[in-house]
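Take a look at the structure set out below.
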Amino acid sequence: MNSDSSSINKTKINWFPGHMKKALNKISDNLKIFDFVIELLDSRIPLSSKNDYV
Numbered sequence: 003m004n005s006d007s008s009s010i011n012k013t014k015i016n017w018f019p020g021h022m023k024k025a026l027n028k029i030s031d032n033l034k035i036f037d038f039v040i041e042l043l044d045s046r047i048p049l050s051s052k053n054d055y056v
């Protein structure tokens with residue numbers, strides 16, 4: 003195994019694609035016109051299906 007740090011791939015990986023950013027911006031704009039929001043979660047995985055940005 004080579005421990006030389008120059009051999010490590012320096013490619014930056016984007017885990018937040020553009021379509022997700024666009025959707026969050028649209029949600030943010032639309033939240034201004036609503037009085038309340040109902041967030042539905044999957045009962046099998048409630049913590050994983052929660053959207054922290056909403």
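Position 32 of the sequence shown, counted from 1, bears residue number 34 in my numbering, the numbering being contiguous throughout. Even for Gly, the Cβ is constructed at its ideal location relative to N, Cα and C.
Three-state secondary structure assigned by DSSP to residue i
i   : result
L42 : coil
N27 : helix
N53 : coil
N16 : coil
N11 : coil
Neighbourhood of residue i by C-beta distance below 6 Å, restricted to the same chain and skipping five residues each side
i   : result
S50 : none
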